[in-house]
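So the sequences go chain by chain: A and B. Per my numbering, numbering of the first sequence is gapless, rising by one per residue and ending at 569. Per my numbering, numbering of the second sequence is gapless, rising by one per residue and ending at 683. Working notes, beginning with the structure itself.
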Amino acid sequence: MTFIGWLQIALVLGAVLVCAWPLGHYMARVFEGEKTILSPFLVPVERVFYGASGIKSNKEQSWRDYALAMLAFNAVGFVALYALMRLQTALPLNPQGFSGVAPDLAFNTAMSFVTNTNWQAYGGETTMSHLVQMAGLAVQNFLSAATGMALAIAVTRAFARSSAQTIGNFWVDMTRATLYVLLPLSVVLAIAFALTGVPQTLSGSIDATTLEGAKQTIALGPVASQEAIKQLGTNGGGFFNVNAAHPFENPNAWSNILSIWSMLLISTALTFTFGHMVGDRRQGTALLIAMYALLITATAIVYWAETSGNPLLAKSGVDIAAGNMEGKEVRFGQALSALYVVATTALSCGAVNTMHNSLMPLGGAVPLFLIQLGEILPGGVGSGLYGMLAIAILAVFIAGLMVGRTPEYLGKKIEAREMKLAMLALLILPLAILGFSATAVMLPTALQSLANAGPRGLTEILYAYSSASGNNGSAFAGLSANTPWYNTTLGISMLLGRFAYVVPVMAIAGALAAKKKVPASSGTFPTHGALFIGLLIGVILILGGLQYFPALALGPIVEHFLMLAGKTF
Amino acid sequence: MSARAIPLLDAVILRQAALDALPKLAPAKLVRNPVMFVTAVVALLVTLLWVRDLLMGNSGLLFSGQIAAWLWFTVLFANFAEAIAEGRGKAHADALRSTRSETLAKLLLHPEDSKDGQWQQKAADLLKIGDVVLVEAGDTIPADGEVIEGIASVNESAITGESAPVIRESGGDRSAVTGGTVVLSDWIKVRVTAERGSSFLDKMIALVESAQRQKTPNELALSILLSGMTLIFLIAVTTLWGLAGYSGTALSLTVLVALLVTLIPTTIGGLLSAIGIAGMDRLIRFNVMATSGRAVEAAGDVDTLLLDKTGTITYGNRLATAFIPAPGLTDRDVAAAALLSSLSDETPEGRSIVALAKGQYGQAEPDAKERHAQFIPFSAQTRISGVDIDDRRIRKGAVDAILKSISLTIDTAPAAFRESVEIISRSGGTPLAVADGQRLLGVIHLKDVVKPDIKERFAALRSMGIKTVMVTGDNPVTAAAIATEAGVDDYIAEATPQDKLAYIKAEQAKGRLIAMCGDGTNDAPALAQADVGVAMQSGTQAAREAGNMVDLDSNPTKLIEVTEIGKQLLMTRGSLTTFSIANDVAKYFAIVPALFLATYPELGALNIMHLSTPESAILSAVIFNALIIVALIPLALKGIGYSPIGASALLRRNLLVYGLGGLIVPFVGIKLIDIIVTVLHLV
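Quick look at the structure:
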């Protein structure tokens with residue numbers, strides 16, 4: 001670890017915070033329907049959409065209607081995307097003449113893009129037609145992110161309101177998230193990416209003759225614009241198979257910084273939005289501090305583990321002064337590779353600029369554990385905030401009793417109903433991650449997909465199910481996941497991780513919105529101070545640790561000790 | 001009260017509780033507690049496997065036998081904790097109940113005819129609502145009821161512990177009587193208002209008996225959390241079998257069960273019911289009976305306390321505090337005259353005038369008899385009392401009444417006199433004018449004296465986040481003065497019962513929880529509306545039925561203790577939950593390396609406690625898990641001390657003790673048990 005390295009990390013995170021602050025308050029105004037700088041241009045556009053689709057923009061929905069609208073919208077998105085892939089041979093814009101995508105892969109991919117996971121069991125440039133890429137995948141990049149934002153805003157309203165029956169209008173929130181936030185930011189960001197050297201062209205590919213005289217086909221395309229929404233919407237599905245390690249997706253240090261900045265931006269800003277909307281900015285800041293404290297700690301661990309290098313190589317006389325550089329790009333360096341690894345998994349982004357399977361055992365344990373924590377640091381666009389709020393409810397419940405009052409969060413009493421729903425939501429991740437992993441390791445067919453044996457193999461499987469269930473989408477690699485078993489079970493994991501999780505959370509929102517806001521007094525447990533932040537961090541770590549410690553012990557932890565003892569896999 | 005105190009761990013109760021723990025193993029009872037139910041099911045599983053191994057002559061019987069035994073102990077210890085709490089609660093309740101068990105009632109045969117005194121004997125247990133019974137001197141009142149005729153002095157010490165008899169009479173606010181109390185003189189006819197099984201006492205007893213006990217809302221929410229955690233650990237442990245299989249370790253069911261039981265929150269799961277019962281029991285010991293556990297929880301959440309001024313904040317009687325002379329006279333002149341006029345005045349005000357004149361103003365006791373004093377008693381019409389002595393005609397009374405009697409008005413009275421009257425009124429006091437014949441002597445300052453220490457108590461409440469509101473019939477000026485002196489946050493002056501009700505509703509609309517106490521029938525609507533309504537035992541039946549608690553001591557300040565008991569109950573739950581979950585960290589470090597030592601000796605690095613063998617590590621964790629329940633029983637029964645230091649400080653303290661403590665204690669405990677297990681060669 002070097003001072004310069006930490007300076008780079010600090011500068012990137014600082015830039016995120018500086019930009020997230022105004023964006024957060026801007027979003028609060030957008031979703032509260034107030035006038036913003038873009039209103040003169042976009043209000044007429046909004047009206048056209050509402051008029052055409054017959055949506056009454058001033059009519060709000062109960063949590064049930066809101067959740068049903070969200071589910072229906074995503075179901076339609078899923079079916080459309082699935083159909084596009086299956087039928088791509090018969091559809092236009094398929095110059096390479098790709099055949100229809102196999103059912104299991106189409107299921108997996110459709111689920112993956114609808115759930116904001118962007119797990120890619122295929123090579124994009126060799127499987128999907130341009131139509132699928134543009135009308136299917138790219139559209140879902142926007143819509144899944146907008147869905148996440150809408151849900152987070154609806155949950156925020158539940159805390160902000162008192163004795164309310166409604167939590168907003170899904171269609172309006174979706175429209176505004178897309179029009180006012182995602183589209184403008186994407187345009188600006190795409191231009192910025194293009195300026196750093198990311199290609200933005202409609203030409204397919206060019207043929208080049210290498211120095212050896214061999215012919216090479218170099219794929220091109222509208223990479224900058226794809227990259228923008230991929231990062232902003234914490235989607236993570238790359239234009240190229242190797243994602244942000246590809247020199248066209250991420251050509252240099254500047255594009256790398258821009259990548260990290262843009263994936264952290266909206267999730268970070270949403271904490272400010274939350275504080276703004278509930279009428280107490282300190283509440284949002286407290287969540288943010290807890291998130292960033294863990295994010296920075298995780299970065300430190302990865303940075304340390306990777307720069308320490310592999311002791312086995314040192315023993316064999318290799319100079320490991322540069323640390324473990326396997327799977328990393330020299331143009332990004334250790335510090336920003338570590339930050340990228342942590343950010344992409346602490347978020348639900350899943351873009352990668354580093355081969356996670358090449359990380360040291362402990363370096364690899366960190367992204368795995370971050371995903372298992374539920375990607376709440378600060379998490380996916382929207383999903384991070386509502387995931388964090390679910391944990392906060394739990395933390396408040398456990399510790400809130402200790403001040404001698406029945407627990408309350410932001411003036412809302414947390415009672416049996418909320419607890420039941422919160423536990424229901426929190427059961428989903430361990431059930432999907434551990435359940436499918438344990439089943440997979442007992443199936444010979446599933447084990448055939450492994451590239452490595454022993455603990456590393458276990459980590460690969462655990463990582464795949466964690467990534468899918470957490471809607472992350474990054475791959476540890478080493479696992480050939482394009483098989484019917486993995487395509488199907490990972491698809492189900494994504495489904496559970498997104499929708500089985502969010503429906504109870506929405507039900508909590510409905511229950512909380514209907515409650516009266518209890519005014520705070522000096523007997524109330526304050527949820528904005530250092531004590532609460534510490535408590536929240538403690539609950540996140542202990543809860544996550546208790547669920548996954550045995551599994552992690554058999555994966556990366558034991559691998560670390562085995563490596564120290566000289567055994568590798 | 002002292003007779004009620006039962007030592008925390010009484011030998012008789014402990015013995016009985018040990019016996020009661022066994023029948024609680026019945027599945028129908030266990031299923032009420034999901035954590036313990038899971039523990040019992042897996043204990044049974046391990047036991048069956050042990051029997052199979054025994055029959056087949058397999059090895060490792062000593063280890064798995066001990067695991068099975070300690071799993072059963074875990075369940076039994078939890079049952080034991082509940083049984084102790086129940087035993088203590090019942091002991092307190094039985095002391096109340098015993099008085100009533102053999103009572104025979106004199107059931108009136110023709111109650112509609114008040115002249116007809118014919119009655120027949122009937123067991124108290126068989127009385128029905130509406131029956132009218134005659135209770136004469138020396139009889140025990142057979143059931144809760146209302147006096148419909150007669151007046152009697154009643155000894156209520158059986159339930160209040162207060163030996164001074166109280167008057168019970170028909171009509172008015174003193175008509176309610178409680179079963180089990182004894183009539184000392186005269187007779188009353190009582191209409192039974194509660195059958196056996198539905199009286200306050202019976203409701204209270206139901207709250208300390210687990211079989212009938214309903215889970216309170218917060219207890220229910222906590223149970224859900226604990227069940228959810230149990231499910232999560234069930235997933236983690238079940239899937240571990242598969243993951244271990246991949247890694248080349250075949251985990252036996254016994255060790256998986258050991259891991260599961262140590263991880264699921266057995267500590268709080270085992271003590272939850274005991275904590276709730278002990279909370280009720282603490283109320284009984286404070287001589288407060290609650291009709292539902294919900295009310296006790298609500299007490300911890302109370303934001304606003306509505307307190308009657310009289311009797312709670314002030315002594316309830318106006319006491320003389322100063323004599324202020326009219327121009328040309330000394331305060332001693334006023335004192336002497338006031339003393340003479342009050343000699344036969346037996347009201348607290350009169351007595352306080354005598355005491356003040358003799359004490360602070362150094363007046364000697366005048367010999368009224370020798371001087372042929374003729375006393376004029378107070379009448380509501382004149383609002384004046386006084387004395388004719390020697391040739392003096394001393395009168396004292398309301399300022400306007402006295403002025404009128406000497407043909408003055410407040411405007412024509414001397415300026416100095418007018419000023420002192422004004423000062424007294426403004427300070428919340430009551431001025432009493434004193435005149436001798438046609439001569440105005442001066443003013444007596446009567447003051448509602450605020451109880452000592454009450455200001456500190458209110459300050460403590462404020463730091464608990466509780467707002468105090470004084471309710472008084474006084475005018476706003478007087479009310480404001482007393483409110484300032486007592487340090488309450490708000491007051492309702494010239495309060496009518498409707499005002500009280502309206503105030504409660506308004507506060508509730510803002511999301512606040514209100515507690516109040518009351519005794520009159522006109523308090524009933526407000527008592528019913530309040531979240532915590534404490535009725536005074538001395539109050540009317542209507543008030544007692546409207547409230548959700550009854551204070552047997554009829555002491556309104558007890559609202560404060562009730563609130564603290566509610567808070568203690570919630571804090572104890574929260575702290576032990578935190579402790580229970582924090583414990584799991586150490587258990588992982590004990591068991592996980594032990595499970596995989598054969599396959600991955602390198603994982604021994606996680607054995608930071610250096611436990612001697614894998615078997616010893618697992619057994620020690622299981623033993624610790626069982627014993628910690630027993631170790632925490634006293635804490636669960638006593639409750640965690642509440643101090644009004646503000647929520648943040650309280651949380652910091654409890655997080656440090658039970659959170660951090662919960663992390664550290666099991667490391668030490670498991671290590672110690674491991675040493676003992678190793679020395680004794682138990683595995």
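Glycine included, every Cβ here is placed at the ideal spot set by N, Cα and C. In this text, all values refer to a predicted model and were calculated from it rather than measured experimentally.
Count the other CB atoms within 10 Å of the CB of residue i; is the residue buried (16 or more) or exposed (fewer)?
i: A479 of chain B; result: buried
i: D523 of chain B; result: buried
i: G641 of chain B; result: exposed
i: G566 of chain A; result: exposed
i: L226 of chain B; result: buried
i: G248 of chain B; result: exposed
i: Q381 of chain B; result: exposed
i: I13 of chain B; result: buried
i: I353 of chain B; result: buried
i: M56 of chain B; result: exposed
i: N475 of chain B; result: exposed
i: A636 of chain B; result: buried
i: T89 of chain A; result: exposed
Could you compute how far the alpha carbon of residue i sits from the alpha carbon of residue j?
i: L373 of chain A; j: G382 of chain A; result: 16 Å
i: W119 of chain B; j: P452 of chain B; result: 51 Å
i: A69 of chain B; j: T266 of chain B; result: 16 Å
i: A647 of chain B; j: D674 of chain B; result: 39 Å
i: L306 of chain B; j: P556 of chain B; result: 10 Å
i: T103 of chain B; j: Q121 of chain B; result: 10 Å
i: P40 of chain A; j: V187 of chain A; result: 18 Å
i: I560 of chain B; j: M516 of chain B; result: 10 Å
i: M36 of chain B; j: L7 of chain A; result: 53 Å
i: M536 of chain B; j: R294 of chain B; result: 19 Å
i: F272 of chain A; j: G148 of chain A; result: 16 Å
i: N452 of chain A; j: F569 of chain A; result: 6 Å
Does the distance from the CB of residue i to the CB of residue j come in under 8 Å?
i: G497 of chain A; j: S469 of chain A; result: yes
i: V42 of chain B; j: V257 of chain B; result: yes
i: A425 of chain A; j: Y501 of chain A; result: yes
i: M419 of chain A; j: W63 of chain A; result: no
i: G221 of chain A; j: T196 of chain A; result: no
i: A290 of chain A; j: I533 of chain A; result: yes
i: L385 of chain A; j: L264 of chain A; result: no
i: S129 of chain A; j: L93 of chain A; result: yes
i: L134 of chain B; j: G145 of chain B; result: no
i: A17 of chain B; j: F80 of chain B; result: yes
i: L105 of chain A; j: N482 of chain A; result: yes
Ordered along the chain, which non-local residues of its own chain (more than five positions away) have a Cβ less than 6 Å from that of residue i?
i: Y50 of chain A; result: S57
i: P199 of chain A; result: L220, V223, F248
i: S616 of chain B; result: D674, V677, T678, V683
Got a sec? Which residues, its chain only, sit under 7 Å from residue i by beta carbon, not counting five neighbours each side?
i: R281 of chain A; result: G275
ask   = Using 8 Å as the threshold, is the stretch 407-423 of chain A in touch with the stretch 520-527 of chain A, meaning 3 or more CB pairs across them?
value = yes
message = I'd like to know if the stretch 450-458 of chain A and the stretch 539-556 of chain A are in contact, where contact means that at least 3 CB-CB pairs between them fall below 8 Å.
response = yes
inquiry  = Under 8 Å, with one C-beta from each stretch per pair, do the stretch 170-186 of chain B and the stretch 212-224 of chain B reach the 3-pair mark?
reply    = no
inquiry  = Three Cβ pairs or more, each shorter than 8 Å: is that satisfied between the stretch 379-395 of chain B and the stretch 336-343 of chain B?
reply    = yes
message = With a threshold of 8 Å, are at least 3 pairs of Cβ atoms found where one atom belongs to the stretch 419-435 of chain B and the other to the stretch 280-298 of chain B?
response = no
query = With a cut-off of 8 Å, do at least 3 Cβ pairs link the stretch 358-369 of chain B to the stretch 460-479 of chain B?
reply = no
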